[in-house]
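In the UniProt record's numbering, the protein residues as written are 1 to 68. We put the CB at the ideal spot given by N, CA and C, even for glycine.
Written out as structure tokens, the structure is:
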């Protein structure tokens, strides 16, 4: 009936596939952690640059208002 499914009698044939599954899952978790850390660093860098940019604009506005 379902001849396309293969379930081996010898369960040691599952070892290579389980090992590869564990390796790829660990690699995916590590990659996700690294991407999230890098993203957090980029966000703080962007916020600092954006904050400095706003401070510079406010200073220029105040200076131009004082000169008028």
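Hey, how far is the Cα of residue i from the Cα of residue j?
i	j	result
residue 13	residue 6	11 Å
residue 21	residue 29	12 Å
residue 51	residue 37	21 Å
residue 48	residue 34	21 Å
residue 41	residue 8	48 Å
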